[in-house]
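*Asks:* Using this note's numbering, read the sequence shown as starting at 16 and increasing by one per residue.
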Amino acid sequence: MAKFKILPAKKLSGVIPVYGAKNAAIKMIAGSLLLKGETILDNIPDILDIQKIIRILEKLGVSFHRDGHRLKISTQNLRPGDPDPKLVSEIRASVVLVGPLLSRFSSVNLPHPGGCTIGQRPIDRHLQAFRHLGADVDETKGYYHFQMPETIKNRPVKVKFSEISVTATENVLLFGALQERLIEIENAALEPEVIDLIEFLKKAGVEISLNGRRMAIRGRRNLSPVKHRVIPDRIEAGTFAILAAATKSSLKIIGLIPEHLENLLDKFQKMGVQFERGGDFLYIKKSPRLKALDIATAPFPGFPTDLQPPMGVLLTQAAGISRLKENIFSNRLEYLGELQKMGARIKISSSREAKIYGPKELNGDKIESLDLRAGATLLIAGLTAKYGETVINHAENIDRGYEKIEERLQNIGANIQRVQ
Ligand code: EPZ
Numbered sequence: 016m017a018k019f020k021i022l023p024a025k026k027l028s029g030v031i032p033v034y035g036a037k038n039a040a041i042k043m044i045a046g047s048l049l050l051k052g053e054t055i056l057d058n059i060p061d062i063l064d065i066q067k068i069i070r071i072l073e074k075l076g077v078s079f080h081r082d083g084h085r086l087k088i089s090t091q092n093l094r095p096g097d098p099d100p101k102l103v104s105e106i107r108a109s110v111v112l113v114g115p116l117l118s119r120f121s122s123v124n125l126p127h128p129g130g131c132t133i134g135q136r137p138i139d140r141h142l143q144a145f146r147h148l149g150a151d152v153d154e155t156k157g158y159y160h161f162q163m164p165e166t167i168k169n170r171p172v173k174v175k176f177s178e179i180s181v182t183a184t185e186n187v188l189l190f191g192a193l194q195e196r197l198i199e200i201e202n203a204a205l206e207p208e209v210i211d212l213i214e215f216l217k218k219a220g221v222e223i224s225l226n227g228r229r230m231a232i233r234g235r236r237n238l239s240p241v242k243h244r245v246i247p248d249r250i251e252a253g254t255f256a257i258l259a260a261a262t263k264s265s266l267k268i269i270g271l272i273p274e275h276l277e278n279l280l281d282k283f284q285k286m287g288v289q290f291e292r293g294g295d296f297l298y299i300k301k302s303p304r305l306k307a308l309d310i311a312t313a314p315f316p317g318f319p320t321d322l323q324p325p326m327g328v329l330l331t332q333a334a335g336i337s338r339l340k341e342n343i344f345s346n347r348l349e350y351l352g353e354l355q356k357m358g359a360r361i362k363i364s365s366s367r368e369a370k371i372y373g374p375k376e377l378n379g380d381k382i383e384s385l386d387l388r389a390g391a392t393l394l395i396a397g398l399t400a401k402y403g404e405t406v407i408n409h410a411e412n413i414d415r416g417y418e419k420i421e422e423r424l425q426n427i428g429a430n431i432q433r434v435q
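1. If Leu50 and Val241 are in contact, beta carbons under 8 Å, what's the gap, nearest whole angstrom?
2. Around the Cβ of Tyr350, are there at least 16 other Cβ atoms within 10 angstroms (buried) or fewer (exposed)?
3. Can you tell me the Cα-Cα spacing of Val77 and His160, whole angstroms?
4. Quick test of the definition: if touching needs 3 or more C-beta pairs under 8 Å, does the stretch 207-225 touch the stretch 162-173?
5. Apart from the five residues just before and just after Gly379, which ones in its own chain have a Cβ nearer than 6 Å to its Cβ?
6. Can you determine whether any heavy atom of the ligand EPZ sits closer than 7 Å to the C-beta of Lys37, and answer yes or no?
7. CA-CA distance, Ala183 and Val30?
8. How many Å lie between Lys218 and Leu116 at the Cα?
9. With distance defined between alpha-carbon atoms, name the residue in Tyr158, Lys175, Gly157 and Pro137 nearest to Arg146.
10. Report yes if the C-beta of Gly114 is less than 7 Å from at least one heavy atom of the ligand EPZ; otherwise report no.
11. Just to confirm the assignment: which complete beta strand (DSSP E) runs, minimum length 3, are found wholly within the stretch 57-111?
12. I'd like to confirm the pairing. Which residues does DSSP put opposite Glu291 in its beta bridges?
13. What are the start and end residues of the beta strand (DSSP E) that includes Tyr159?
14. How is the beta strand (DSSP E) around Ser14 delimited, first residue to last?
15. Taking the C-alpha atoms as reference points, what is the distance between Gly157 and Leu142?
16. Could one say the Cβ of Lys381 lies closer than 8 Å to chain D's Cβ atoms, at least one of them?
17. Using the Cα positions of Asn430 and Leu276, report the straight-line distance between them to the nearest angstrom.
18. Indicate the three-state DSSP secondary structure (helix, strand or coil) for Met326 in the structure shown.
19. Just to check, is the beta-carbon of Thr182 closer than 7 Å to a non-hydrogen atom of the ligand EPZ?
20. Around the C-beta of His80, are 16 or more other C-beta atoms found within 10 angstroms, so that it is buried, or is it exposed?
21. Straight-line CA distance for Asn43 to Glu53?
22. Please classify Ser177 as buried or exposed, where buried requires at least 16 other C-beta atoms within 10 Å of its C-beta.
23. Tell me the DSSP secondary structure of Pro171 in three-state form.
24. Tell me whether Glu341 is buried or exposed, calling it buried when 16 or more other Cβ atoms sit within 10 Å of its Cβ.
25. On the three-state DSSP scale, how would you describe Ile336?
26. If you check the beta carbons only, do Leu197 and Gly46 fall under 8 Å apart?
27. Could you tell me whether any non-hydrogen atom of the ligand EPZ is closer than 7 Å to the CB of Gly327?
28. For the candidate residues Ser302, Asn92, Lys285 and Asp248, whose alpha-carbon lies nearest to that of Leu271?
29. Quick check: the stretch 405-418 against the stretch 379-392, are at least 3 beta-carbon pairs closer than 8 Å?
30. Can you give the Cα-Cα distance for Glu376 and Thr262, rounded to whole angstroms?
31. State the Cα-Cα distance for the pair Val110 and His84, rounded to the nearest angstrom.
32. If you reduce the DSSP assignment to three classes, tell me which class Pro32 lands in.
33. Should Glu349 be counted as a contact of the ligand EPZ given a C-beta to heavy atom distance under 7 Å?
34. Would the beta-carbon of Leu387 be found less than 7 Å away from any heavy atom of the ligand EPZ?
35. Straight-line CA distance for Pro60 to Gln289?
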């Protein structure tokens with residue numbers, strides 16, 4: 016088990032680049048299953064979750080060539096088959112393989128997809144959507160079986176989500192891409208990663224129109240090869256911005272799209288975090304005094320659940336009482352227990368709500384990176400601590416989503432080492 020060791024450092028400074036969006040890249044790699052020629056994807060981060068989805072597709076005959084952040088994908092030797100159950104159970108995003116595999120081969124079987132321990136993560140919205148699309152869906156002995164009967168294939172259909180789901184919306188888009196019938200979605204997710212997937216599919220020849228949370232998709236049996244540059248990772252960008260604000264550093268974060276972070280920037284303004292924004296950068300300046308704030312997570316364009324944990328650290332440095340409300344996942348406040356160990360004053364009233372009393376100096380301690388975003392959060396906490404060494408166990412949780420994180424942090428002055 017690898018760990019990160021962090022020592023208090025002088026202020027961080029300089030420039031930190033943002034890499035491509037994990038949650039867009041994975042869906043486009045799944046989307047390559049729909050295309051017969053070569054898919055070329057740029058800005059693909061080299062992280063564990065991407066390596067796992069690649070491994071799953073390799074086992075189905077897909078070949079990959081990586082050159083830096085460029086990934087070339089050939090599906091010439093793709094054969095019908097089910098994704099490797101062990102790998103599927105290790106990565107939640109593997110659920111988006113159902114759409115392309117079902118559309119291409121009319122059947123697919125897989126176990127419950129794994130992922131972070133941030134609460135119950137059922138896939139009932141996916142199952143219901145595929146049933147609306149005409150698939151027979153069964154669940155036996157921990158496996159889901161999807162079968163698309165020949166007779167139903169051409170019927171136009173409307174999928175109405177009672178609650179928004181990012182990957183369920185993406186699954187329907189990926190499924191619809193190869194279908195010549197009209198598929199409409201109501202109450203679709205509009206996260207920038209979903210919009211980027213739509214751009215990718217449009218380049219392949221799929222007709223997709225958007226009207227608020229309504230989408231209409233008309234696919235084609237033969238899609239064209241695609242070359243696409245994945246959007247920058249807004250969660251990584253936001254994490255670095257929060258790191259700068261929490262450590263009272265002056266930091267330029269480059270290669271991002273500020274419009275994807277409007278909600279965070281609005282909160283920054285209200286808290287007194289000083290920043291400048293440009294076309295593709297954010298410059299966070301040292302802010303004299305931060306004010307407490309209430310945060311409630313919501314689907315995009317609301318405050319992103321993936322930035323709730325990093326924001327929790329920043330709020331320990333803000334004067335007054337801040338309230339956190341996690342509306343997306345049922346168990347995403349566990350990292351607060353680790354912040355308490357480091358000296359933060361926090362009252363956790365339920366698995367979804369907490370109050371943070373600040374400002375409070377944090378001290379280094381031995382802490383657990385409980386999942387991907389909580390892990391990145393504790394890096395921020397360790398770098399914010401005034402005294403003592405911070406040891407974060409399970410560095411691999413952080414490697415799932417952040418490429419060469421210690422190198423990028425060392426380059427801006429952080430005293431961080433990876434140890435075995
Ligand atoms: C995506 O997860 C992201 N993952 C998550 O990022 C992100 O936090 C989340 O969207 C919200 O933005 C990927 O894109 C791979 P949902 P997803 O379906 O699609 C419940 C990260 O760290 N729900 O929108 O799984 C669900 O339990 C990850 O990068 C059902 O009840 O999220 C949750 O409470 C973490 N039944 C809520 O809906 C379902 O069938 C929203 O989930 C599906 C979801």
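For every residue, glycine included, the Cβ atom is placed at its ideal position computed from N, Cα and C.
*Replies:* Short version:
1. Indexing the sequence shown from 1 puts residue 50 at position 35. Indexing the sequence shown from 1 puts residue 241 at position 226. That pair is a contact at about 6 Å.
2. As a first step, residue 350 is located in the sequence shown; it is residue number 335 there, counting from the start. It counts as buried.
3. The residue labelled residue 77 in the question sits at position 62 within the sequence shown. The residue labelled residue 160 in the question sits at position 145 within the sequence shown. About 22 Å.
4. Touching, no.
5. To locate residue 379, count along the sequence shown from 1; it is residue 364. When the five nearest sequence neighbours on each side are left out, the beta carbons in the same chain lying within less than 6 Å of the beta carbon of Gly379 are those of Ala400, Gly403, Glu404 and Thr405, in order along the chain.
6. Taking the first residue of the sequence shown as position 1, residue 37 is located at position 22. Under cutoff, so the answer is yes.
7. Counting from one through the sequence shown, the residue named residue 183 turns up at place 168. Counting from one through the sequence shown, the residue named residue 30 turns up at place 15. The straight-line gap from Cα to Cα measures roughly 36 Å.
8. What you label residue 218 is simply residue 203 of the sequence shown in a count that begins at 1. What you label residue 116 is simply residue 101 of the sequence shown in a count that begins at 1. Cα to Cα, the separation comes out at about 20 Å.
9. In the sequence shown, counting from the first residue as 1, residue 146 sits at position 131. When only C-alpha atoms are compared, the closest one is Lys175.
10. On the sequence shown, position 99 is the one that residue 114 refers to. Not so, every heavy atom of the ligand EPZ lies at least 7 Å from the Cβ.
11. 78-82 and 85-89
12. As a working mapping, residue 291 is identified with position 276 in the sequence shown. In the DSSP output, where bridge partners are listed per residue, Glu291 has Tyr298.
13. On the sequence shown, position 144 is the one that residue 159 refers to. Start and end: Tyr158 to Gln162.
14. The question about residue 14 has no answer, for the chain in this structure spans 16 to 435.
15. Numbered from its first residue, the sequence shown carries residue 157 at position 142. Numbered from its first residue, the sequence shown carries residue 142 at position 127. One C-alpha to the other measures close to 14 Å.
16. Included in the structure is just one protein chain, with no chain D present.
17. Reading the sequence shown from its first residue, position 415 is the one you call residue 430. Reading the sequence shown from its first residue, position 261 is the one you call residue 276. For Asn430 and Leu276, the distance between alpha carbons rounds to 28 Å.
18. By 1-based counting over the sequence shown, the position of residue 326 is 311. DSSP places Met326 in helix when its eight states are reduced to three.
19. Stepping through the sequence shown from its first residue, residue 182 is reached at position 167. Yes, the beta carbon of Thr182 sits closer than 7 Å to at least one heavy atom of the ligand EPZ.
20. Walking along the sequence shown from the start, residue 80 turns up at place 65. Classification of His80: exposed, given that the 10 Å Cβ count is below 16.
21. Here the question's residue 43 lines up with position 28 in the sequence shown. Here the question's residue 53 lines up with position 38 in the sequence shown. According to the sequence as given, residue 43 is Met; it is not Asn. Whole-angstrom Cα-Cα distance: 13 Å.
22. For the purposes of this step, residue 177 is taken as the residue at position 162 of the sequence shown. Its Cβ having fewer than 16 others within 10 Å, Ser177 is exposed.
23. As a position in the sequence shown, residue 171 is number 156, starting the count at 1. DSSP places Pro171 in coil when its eight states are reduced to three.
24. Locating residue 341 in the sequence shown gives position 326, where the first residue counts as 1. Buried, since its Cβ has 16 or more Cβ neighbours within 10 Å.
25. Taking the sequence shown and counting its residues from 1, one reaches residue 336 at position 321. Reduced to three states, the DSSP call for Ile336 is strand.
26. By 1-based counting over the sequence shown, the position of residue 197 is 182. By 1-based counting over the sequence shown, the position of residue 46 is 31. It is not a contact, given that the beta carbons lie outside the stated cut-off.
27. Here residue 327 refers to the residue found at position 312 when the sequence shown is read from its first residue. Answer for Gly327: no, Cβ out of range of the ligand EPZ.
28. Against the sequence shown, residue 271 aligns to sequence position 256. Nearest C-alpha to Leu271: Asp248.
29. These segments touch.
30. Counted from its first residue, the sequence shown places residue 376 at position 361. Counted from its first residue, the sequence shown places residue 262 at position 247. Spanning the two alpha carbons is a distance of roughly 11 Å.
31. Mapped onto the sequence shown, residue 110 falls at position 95. Mapped onto the sequence shown, residue 84 falls at position 69. Straight-line Cα distance between these residues: approximately 24 Å.
32. Locating residue 32 in the sequence shown gives position 17, where the first residue counts as 1. Residue state, collapsed to three classes: strand.
33. Within the sequence shown, residue 349 is the residue found at index 334, counting from 1. The answer is no for Glu349.
34. Reading the sequence shown from its first residue, position 372 is the one you call residue 387. Checking the Cβ of Leu387 against the ligand EPZ gives yes.
35. Within the sequence shown, residue 60 is the residue found at index 45, counting from 1. Within the sequence shown, residue 289 is the residue found at index 274, counting from 1. If you take the alpha carbons of Pro60 and Gln289, they lie about 29 Å apart.
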